[in-house]
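Novice:
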Amino acid sequence: MNRLTLLMLPVFVLQQGTLQQGTAQGTAVPTNVEALQARIEAVPETHPRLMADAATFQALRESLGKSTSTRDVLAQAVIRRADLLSDIAPITRRLEGRRLLRESRRCLERLLNLSMAYQLTGETKYVERGRQEMLAVAALSDWNPSHFLDVAEMTLAMAIGYDWMFDALDQTSRDTIREAIKHKGVSLPFETKHNKWVTASNNWGQVCHCGLTAGALAIFEDEPELAAKTVFNAIQNVPRSMKAFAPKGSYPEGPGYWAYGTGFNVVLLATLDSVLGSDFGLSEAQGFDQTGQYPSLMTGPSGDAFNYADGGASRGPEPTLYWFAQRYGRSDWLLGEDARLRAEIDRFKPNDAGAGGNRLLPLALLWINGSENELQEADIKMPLNWQSESSTPVAVHRSSWTDPNATFVGLKAGSPSAPHGQMDIGSFVLDADGVRWAIDLGAEGYHGIESRGMNLWSAAQESDRWTIFRQSNSGHNTLVIDGKLQIAKGHAEIVEFSVDPKSPHTVADLSAVYKGQADSVRRSVTLLPSREVRIEDSLTGLAPGSHVRWGMITRAEVGAGADATLRLQQQAQRLTLTIAEPLGATWTTVNTEKPRHEWDSANPGTTMVAFEVVAPEDGKLRLVVVATPGSCDQ
Numbered sequence: 001m002n003r004l005t006l007l008m009l010p011v012f013v014l015q016q017g018t019l020q021q022g023t024a025q026g027t028a029v030p031t032n033v034e035a036l037q038a039r040i041e042a043v044p045e046t047h048p049r050l051m052a053d054a055a056t057f058q059a060l061r062e063s064l065g066k067s068t069s070t071r072d073v074l075a076q077a078v079i080r081r082a083d084l085l086s087d088i089a090p091i092t093r094r095l096e097g098r099r100l101l102r103e104s105r106r107c108l109e110r111l112l113n114l115s116m117a118y119q120l121t122g123e124t125k126y127v128e129r130g131r132q133e134m135l136a137v138a139a140l141s142d143w144n145p146s147h148f149l150d151v152a153e154m155t156l157a158m159a160i161g162y163d164w165m166f167d168a169l170d171q172t173s174r175d176t177i178r179e180a181i182k183h184k185g186v187s188l189p190f191e192t193k194h195n196k197w198v199t200a201s202n203n204w205g206q207v208c209h210c211g212l213t214a215g216a217l218a219i220f221e222d223e224p225e226l227a228a229k230t231v232f233n234a235i236q237n238v239p240r241s242m243k244a245f246a247p248k249g250s251y252p253e254g255p256g257y258w259a260y261g262t263g264f265n266v267v268l269l270a271t272l273d274s275v276l277g278s279d280f281g282l283s284e285a286q287g288f289d290q291t292g293q294y295p296s297l298m299t300g301p302s303g304d305a306f307n308y309a310d311g312g313a314s315r316g317p318e319p320t321l322y323w324f325a326q327r328y329g330r331s332d333w334l335l336g337e338d339a340r341l342r343a344e345i346d347r348f349k350p351n352d353a354g355a356g357g358n359r360l361l362p363l364a365l366l367w368i369n370g371s372e373n374e375l376q377e378a379d380i381k382m383p384l385n386w387q388s389e390s391s392t393p394v395a396v397h398r399s400s401w402t403d404p405n406a407t408f409v410g411l412k413a414g415s416p417s418a419p420h421g422q423m424d425i426g427s428f429v430l431d432a433d434g435v436r437w438a439i440d441l442g443a444e445g446y447h448g449i450e451s452r453g454m455n456l457w458s459a460a461q462e463s464d465r466w467t468i469f470r471q472s473n474s475g476h477n478t479l480v481i482d483g484k485l486q487i488a489k490g491h492a493e494i495v496e497f498s499v500d501p502k503s504p505h506t507v508a509d510l511s512a513v514y515k516g517q518a519d520s521v522r523r524s525v526t527l528l529p530s531r532e533v534r535i536e537d538s539l540t541g542l543a544p545g546s547h548v549r550w551g552m553i554t555r556a557e558v559g560a561g562a563d564a565t566l567r568l569q570q571q572a573q574r575l576t577l578t579i580a581e582p583l584g585a586t587w588t589t590v591n592t593e594k595p596r597h598e599w600d601s602a603n604p605g606t607t608m609v610a611f612e613v614v615a616p617e618d619g620k621l622r623l624v625v626v627a628t629p630g631s632c633d634q
């Protein structure tokens, strides 16, 4: 690479000297493109090499078929899915609004299963079907670079198919696929305007750098300069996104986007490790060595996640958790993971083949150890009580990791204007007796809102985003004062957090998100020794006569109550809600099933239980609700 080429690189590629010494892996970190290109050119030009080489696949094949372990079950599932793809036509360039992402995800799921099935069996029928898919993708006019996630996932799919099937592909197909990876994927940020994602600080940085790095390293023997620029770009810029894990491994965009961003982040690190022998210190990002516990911390005994921000509560298996457990020696991070993986395999139907569901699942075969152990409470090092201490403060408390009747409560602070933020500040979820009682409705569908010309992505106070029921505080388990929205730019902090086993609790100061509506708003949640949960709100500076509504959305059947006491019934379990303060407050219900506006989705099977209180002359209110699980001692 000559000096002119280096000077023409985009400004987002940082250049500083030649080599920076010292990662945990004991290798030098290239700090300019020339040094990295020299390193790449020293790598053997063999395939496969992305995340696994021929020896890795051989060892995997030899380890299978000797047990009924989850790894063996998964291997058979991958082969079955690959077989079902034989009669399914390759994807086409079918946009959904501004996105090709659904097709990109289908392509990734298909090529991962086909490529893995080929490596497991050696049968070339999987290569032939993969070749058809890749040539169809290569023939598309483009991979929709205006929404670059589409390009990233498509490039990753093509890179894995090209690399893992390389030895069985004919030369003409190799050339066609390689040129598509280059021109429709890897070269775009250097040759076009489609490079705003390069310095992204959210999941876009993780996903896009992953896809393009895999593409570049799949074809590096033919494009060494392009590979060096692409990898260098990733090394310099992915740390911007990985700041999200600081300081303790949480994720500001919630568990759903953790699965997305972190999943591709791991694939990036595994790819760098496998090809170049180092992740160049990326895995040393603050909090990354703790984030393997985040999904478990955010999952209640019901099996549902604490789905703050734009995400659903259901939790499937996370293949990259096997990478984390292996990398950091933490088997407890896999709590319940084998069961989730087997359950997903059992739910699989032939019509699901090639649809894009849990597309990274075959990668678990590279990291799963094949042994299964029943974890006891003493084996679990994860805390019962935890707070994120991050830019999106969340805290959780649970009574046990292994008791099926355990109580779990999570509380969220932060700001509506955070990435994928909602007006869920002060909202909580609650599990007891194996049931999720207090739920979060999750995200509104993006395409349905965007197709109306509404601005879903502005966090301004008057944004269309806050007219959506699921995004506003009216649609969450928090407070509404005089029917008003929370303050979008406000930020609430957790100001007190206790792990005292007699009274673990969290206090969040919500005042900033109710500015102009009250002087001070604080919410606390306490897990009592009885496994009951106490939720307390203290408000001052209310205008006399203000109406404050307390609400909790549930899927439970709402039974009869006596004024301040309400009984909920669900799955043969019960939960009693008692308004301890103020005296005289009584329960009512709010219909959350029916859409508020034509753009809102229905929320079938849900109800909000609520009560409303009028502020007295001194502007002070104290609201206390106690949730008593049916299994608790009186």
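1 is the number of the first residue of the sequence shown in the working numbering; add one for each residue after it.
Don't be surprised by glycine CBs; every beta carbon is placed ideally from N, CA and C.
Pairs of beta-carbons, one from the segment 181–191 and one from the segment 139–155, closer than 8 Å: are there three or more?
Specialist: With the cut-off at 8 Å, the segment 181–191 and the segment 139–155 touch.
Novice: Cα separation between THR92 and LEU111?
Specialist: Position 92 of the sequence shown, counting from 1, holds the residue named residue 92. Position 111 of the sequence shown, counting from 1, holds the residue named residue 111. C-alpha separation (whole angstroms): 15 Å.
Novice: Compute the beta-carbon to beta-carbon distance between GLU493 and ALA413, rounded to the nearest angstrom, for a pair I have assumed lies under 8 Å.
Specialist: Numbered from its first residue, the sequence shown carries residue 493 at position 493. Numbered from its first residue, the sequence shown carries residue 413 at position 413. The pair is a contact, with the Cβ atoms about 6 Å apart (cut-off 8 Å).
Novice: Tell me whether GLY26 is buried or exposed, calling it buried when 16 or more other Cβ atoms sit within 10 Å of its Cβ.
Specialist: Mapped onto the sequence shown, residue 26 falls at position 26. With a pLDDT of only 43 at GLY26, under the threshold of 50, the placement of this residue in the model should not be trusted; the figure read from the coordinates follows. Flag for GLY26 reads exposed.
Novice: Let me know the secondary structure DSSP gives ILE439 once reduced to three states.
Specialist: Here the question's residue 439 lines up with position 439 in the sequence shown. Note: ILE439 maps to coil in three-state DSSP.
Novice: What's the C-alpha gap between GLN206 and GLU103?
Specialist: Here residue 206 corresponds to residue number 206 of the sequence shown, with the count starting at 1. Here residue 103 corresponds to residue number 103 of the sequence shown, with the count starting at 1. So the alpha carbons of these two residues sit roughly 20 Å apart.
Novice: Measure the CB-CB distance between LEU542 and ALA518 and report whether it falls below 8 Å.
Specialist: Taking the sequence shown and counting its residues from 1, the one referred to as residue 542 is at position 542. Taking the sequence shown and counting its residues from 1, the one referred to as residue 518 is at position 518. For LEU542 and ALA518, yes; Cβs fall inside 8 Å.
Novice: Quick check: the Cα distance between VAL614 and GLN486, rounded to an integer number of angstroms?
Specialist: Residue 614 sits at position 614 when you count from the first residue of the sequence shown. Residue 486 sits at position 486 when you count from the first residue of the sequence shown. If you take the alpha carbons of VAL614 and GLN486, they lie about 18 Å apart.
Novice: Work out the CA separation of GLU557 and LEU577 for me, nearest whole Å.
Specialist: Position 577 of the sequence shown, counted from the start, is the residue given in the question as residue 577. Position 557 of the sequence shown, counted from the start, is the residue given in the question as residue 557. Cα-Cα distance, rounded: 13 Å.
Novice: Just to confirm the assignment, what range does the beta strand (DSSP E) spanning SER302 have?
Specialist: In the sequence shown, the residue the question calls residue 302 occupies position 302. No beta strand (DSSP E) contains SER302, which DSSP labels as neither H nor E.
Novice: Flag this pair as touching only if the segment 430–444 and the segment 399–413 have three or more C-beta atom pairs under 8 Å; answer yes or no.
Specialist: Enough Cβ pairs lie closer than 8 Å, so yes.
Novice: Which class does GLN569 belong to by DSSP, given the choice of helix, strand or coil?
Specialist: Taking the first residue of the sequence shown as 1, we reach residue 569 at position 569. GLN569 falls in the strand class under three-state DSSP.
Novice: Roughly how many angstroms lie between the CA atoms of LEU217 and GLY256, to the nearest whole one?
Specialist: Here residue 217 refers to the residue found at position 217 of the sequence shown. Here residue 256 refers to the residue found at position 256 of the sequence shown. Roughly 28 Å between the two C-alpha positions.
Novice: Do you know offhand how far THR606's Cα is from PRO295's?
Specialist: Taking the sequence shown and counting its residues from 1, one reaches residue 606 at position 606. Taking the sequence shown and counting its residues from 1, one reaches residue 295 at position 295. Between THR606 and PRO295, the C-alpha separation is close to 25 Å.
Novice: Starting from the Cα of GLY312, find the closest Cα among GLU191, TRP333, SER67, GLY254 and give me that residue.
Specialist: Walking along the sequence shown from the start, residue 312 turns up at place 312. That would be GLY254, whose Cα lies nearest to the Cα of GLY312.
Novice: Just checking, does the segment 60–80 make contact with the segment 114–129 on the three C-beta pairs under 8 Å criterion?
Specialist: The answer is yes - the segment 114–129 touches the segment 60–80, with three or more Cβ pairs under 8 Å.
Novice: Taking 8 Å as the cut-off, decide whether the C-beta atoms of LEU365 and ALA75 are in contact.
Specialist: For the purposes of this step, residue 365 is identified with residue 365 of the sequence shown, where counting begins at 1. For the purposes of this step, residue 75 is identified with residue 75 of the sequence shown, where counting begins at 1. Yes; because the gap between Cβ atoms is below 8 Å, this pair is in contact.
Novice: For GLN206, which of helix, strand or coil comes out of DSSP?
Specialist: As a position in the sequence shown, residue 206 is number 206, starting the count at 1. Note: GLN206 maps to helix in three-state DSSP.
Novice: Between which two residues does the beta strand (DSSP E) containing ARG432 stretch?
Specialist: Within the sequence shown, residue 432 is the residue found at index 432, counting from 1. First, the amino acid is wrong: residue 432 is Ala here, not Arg. From DSSP, the beta strand (DSSP E) with ALA432 extends over 428–432.
Novice: TRP323 lies in the alpha helix (DSSP H); which residues open and close that run?
Specialist: Position 323 of the sequence shown, counted from the start, is the residue given in the question as residue 323. Where TRP323 is concerned, the enclosing alpha helix (DSSP H) stretches over 320–328.
Novice: Along the chain, which unbroken stretches of the beta strand (DSSP E) at least 3 residues long are found entirely within the segment 444–530?
Specialist: Entirely contained in the segment 444–530, the beta strand (DSSP E) runs reaching 3 residues are, in chain order, 479–481, 493–498, 505–509, 520–527.
Novice: By Cβ distance below 8 Å, which residues in the same chain neighbour ASP321 in space, the five residues on each side in sequence not counted?
Specialist: Reading the sequence shown from its first residue, position 321 is the one you call residue 321. The sequence given here has Leu at residue 321, not Asp. Cβ neighbours of LEU321 beyond the five flanking positions: GLY292, PRO295, TRP333, LEU334, GLU337.
Novice: Between which two residues does the alpha helix (DSSP H) harbouring LYS229 extend?
Specialist: For the purposes of this step, residue 229 is identified with residue 229 of the sequence shown, where counting begins at 1. LYS229 -> alpha helix (DSSP H) spans 224–242.
Novice: Are GLU377 and TRP401 touching if we call contact CB-CB under 8 Å?
Specialist: For this step, residue 377 is matched to residue 377 along the sequence shown. For this step, residue 401 is matched to residue 401 along the sequence shown. Yes, they are a contact pair.
Novice: Would the beta-carbon of ARG342 fall within 8 Å of that of THR70?
Specialist: Start at 1 with the first residue of the sequence shown, and residue 342 comes out as number 342. Start at 1 with the first residue of the sequence shown, and residue 70 comes out as number 70. Their beta carbons are under 8 Å apart, which means ARG342 touches THR70 by this criterion.
Novice: Is PRO419 closer than 8 Å to PRO252 when the C-beta atoms are compared?
Specialist: As a working mapping, residue 252 is identified with position 252 in the sequence shown. As a working mapping, residue 419 is identified with position 419 in the sequence shown. Yes. Within cutoff.
Novice: Taking Cβ positions, are GLY316 and ARG436 nearer each other than 8 Å?
Specialist: Locating residue 316 in the sequence shown gives position 316, counting from the first residue. Locating residue 436 in the sequence shown gives position 436, counting from the first residue. Contact flag unset, no.
Novice: Give the single residue among TRP587, SER427, GLY559 whose Cα lies nearest to the Cα of LEU510.
Specialist: Taking the first residue of the sequence shown as position 1, residue 510 is located at position 510. Of the candidates TRP587, SER427, GLY559, the one whose C-alpha sits nearest the C-alpha of LEU510 is SER427.
Novice: Pair every Cβ in the segment 127–141 with every Cβ in the segment 187–204, then say whether three or more of these pairs are closer than 8 Å.
Specialist: Contact fails: fewer than three Cβ-Cβ distances are below 8 Å.
Novice: Who does ALA395 pair with in a DSSP beta bridge?
Specialist: The count along the sequence shown starts at 1 and reaches residue 395 at position 395. According to DSSP, ALA395 bridges with GLN387, LEU411.
Novice: Helix, strand or coil: how does DSSP classify ALA139 here?
Specialist: For the purposes of this step, residue 139 is taken as the residue at position 139 of the sequence shown. Coil.
Novice: Can you tell me which residues form a DSSP beta bridge with ARG534?
Specialist: Residue mapping note: residue 534 aligns to position 534 of the sequence shown, counting from 1. DSSP, once it has assigned bridges, lists THR526, VAL626 as partnering ARG534.
Novice: From the DSSP secondary-structure annotation, give me the bridge partner or partners of VAL638.
Specialist: Because the chain in this structure spans residues 1 to 634, residue 638 falls outside the shown range and cannot be described.
Novice: Can you name the residues that DSSP bridges to GLY551?
Specialist: The count along the sequence shown starts at 1 and reaches residue 551 at position 551. Answer is ALA610, bridged to GLY551.
Novice: Could you pull out every residue in the same chain whose Cβ sits closer than 7 Å to the Cβ of GLY354, ignoring the five residues on either side in sequence?
Specialist: As a first step, residue 354 is located in the sequence shown; it is residue number 354 there, counting from the start. Here the set comprises LEU85, ILE88, ARG106, GLU109, ARG110.
Novice: Please report the straight-line C-alpha distance between VAL590 and VAL548, rounded to a whole angstrom.
Specialist: Position 590 of the sequence shown, counting from 1, holds the residue named residue 590. Position 548 of the sequence shown, counting from 1, holds the residue named residue 548. Those two C-alpha atoms are separated by around 15 Å.
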